[in-house]
Amino acid sequence: MKRLGIVCKWIDTPDQIESVKPKDDAKKYNTATTTVAWLSRQKREVAEERLWQIMEQNISSIGLLISRVGDLEPEMRMVRLSSEVFPCYTEPAWRYFWFRPDVRAYAEKHLLPVGDIARAKGVRLSFHPGPFTVLASDRPAIVELSIQEMEYHADIVRWLGFGKTFQDFKINIHISGKRGPDGVRQNYGRLSPEARNCLTIENEEMTYGLDQCLGLSDIVPIVLDIHHHWTREGEYIQASDPRISRIIDSWRGVRPVIHYSVSREEHLVGHASDRLPAHDALISSGLNKQKLRAHSDFYWNTAVNSWALSHWQWADIMCECKSKNLGTRQLWQQAKNAGLISQ
DNA sequence: GAGGGTCAAGTCCGT
DNA sequence: ACGGACTTGACCCTC
């Protein structure tokens with residue numbers, strides 16, 4: 201099955217890109233969170249009560265989200281879960297809460313049925329820990345926190361009943377740190393088996409591009425972000441490119457996932473929506489890479505969409521647009537119109 | 001309820 | 001030095 205994925209959030213209308221209001225129906229599909237600052241201002245009892253309530257609410261919301269995604273057309277049954285399922289899990293002041301036996305017992309009991317929904321409905325799941333997760337950092341303390349962050353995600357994966365086989369669930373991060381690919385390689389061995397089963401590495405727009413990521417392809421699958429690659433190299437990489445077969449090999453038989461986003465339309469003033477933007481012309485017109493990085497709300501350029509869909513033959517496509525499921529459906533519709541979806 | 005300030009964390013680029 | 005981009009815009013508080 202070929203899939204297009206949805207990232208982290210469910211919305212019903214474009215105005216919810218900004219924010220989902222408390223009484224919006226979409227609220228129930230999305231995770232709640234809190235802040236360290238707010239928790240620290242409360243009495244311990246109040247703070248713990250809030251964390252417990254968020255735990256219950258978020259287990260419910262990811263269950264509803266996965267279930268809803270599982271009712272979509274088969275080609276859209278893929279969703280990235282927000283990292284905020286259990287907020288402050290790796291925050292030193294509140295970590296103790298999440299390691300309380302009663303909290304873990306609750307998580308274990310109630311997350312497994314959520315994972316069962318995903319398995320029953322064929323929903324492909326993933327996480328994308330935040331940019332603070334830097335296994336290749338040259339600062340040892342950051343590496344420690346990053347391993348904790350990976351293990352936080354791995355705990356949830358395990359409770360959901362995944363992480364048992366290679367890439368039954370994806371936890372994707374960047375290289376990012378000064379130690380580069382070797383830093384990832386060295387710390388890879390410190391991860392739990394479940395975290396290692398899930399780990400993938402994605403190419404960045406600025407620092408570590410596809411070629412450097414491919415240096416890790418013997419231990420970890422490579423997630424190609426085609427927009428990052430375009431931003432960094434100015435190249436519309438083609439499915440026939442030899443590097444693609446190296447990426448496919450890194451997934452060892454599992455269908456790869458790539459990421460697809462497009463630059464914001466307002467940064468490409470007056471650009472036709474049916475032509476591929478020319479990277480060199482944009483840069484020489486004074487647009488910097490910073491501007492090219494920012495993700496659009498919708499998939500406004502049909503030519504870029506067609507190029508992205510040309511990769512669908514070999515990979516599932518995670519749709520990183522601000523309009524979330526609305527943008528995923530937009531791309532799905534273009535795929536259907538192009539005859540890429542049967543019936 | 002709306003609006004504005006605040007929010008754990010790394011790393012980079014551009015001003 | 002600092003804002004903003006990536007990662008999840010949501011929460012909290014005041015009016």
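Under the working numbering, the residue at position 150 of the first sequence is numbered 350, and the numbers go up by one with no gaps.
We put the beta carbon where it would ideally sit given N, CA and C, even for glycine.
Small disclaimer: the values here were computed from a predicted structure and weren't measured.
1) Please list the terminal residues of the continuous alpha helix (DSSP H) segment that includes M350.
2) Report the option in L281, A439, H427 and G389 whose CA atom is closest to the CA atom of K370.
3) Smallest Cα separation from L399: which of D302, S450, E218 and A305?
4) Return yes when the Cβ of A354 is within less than 8 Å of the Cβ of A307, no when it is not.
5) Does the separation of the CB atoms of G389 and A336 fall below 8 Å?
6) Tell me which residues share the same chain as E351 and place their Cβ nearer than 8 Å to its Cβ, disregarding the 5 neighbours each side in the sequence.
7) Look at the alpha carbon of L468 and the alpha carbon of W507, and state the distance between them as a whole number of angstroms.
8) Could you pull the DSSP bridge partners for H459 from this structure?
9) DSSP state of G453, grouped into three classes?
10) Going by CA-CA distance only, name the one from Y499, M518 and Y296 that's closest to C208.
11) Could you pull the start and end residues of the alpha helix (DSSP H) that R317 belongs to?
12) According to DSSP, which residues form a beta bridge with G205?
13) Under a three-way DSSP split, which group does I262 fall into?
With the structure as the only source:
1) P340 to W359
2) L281
3) S450
4) no
5) no
6) L391, S392 and A395
7) 18 Å
8) D425 and M518
9) coil
10) M518
11) It should be noted that the sequence gives Ile, not Arg, for residue 317. Note, I317: alpha helix (DSSP H), P301 to K321.
12) M518
13) helix
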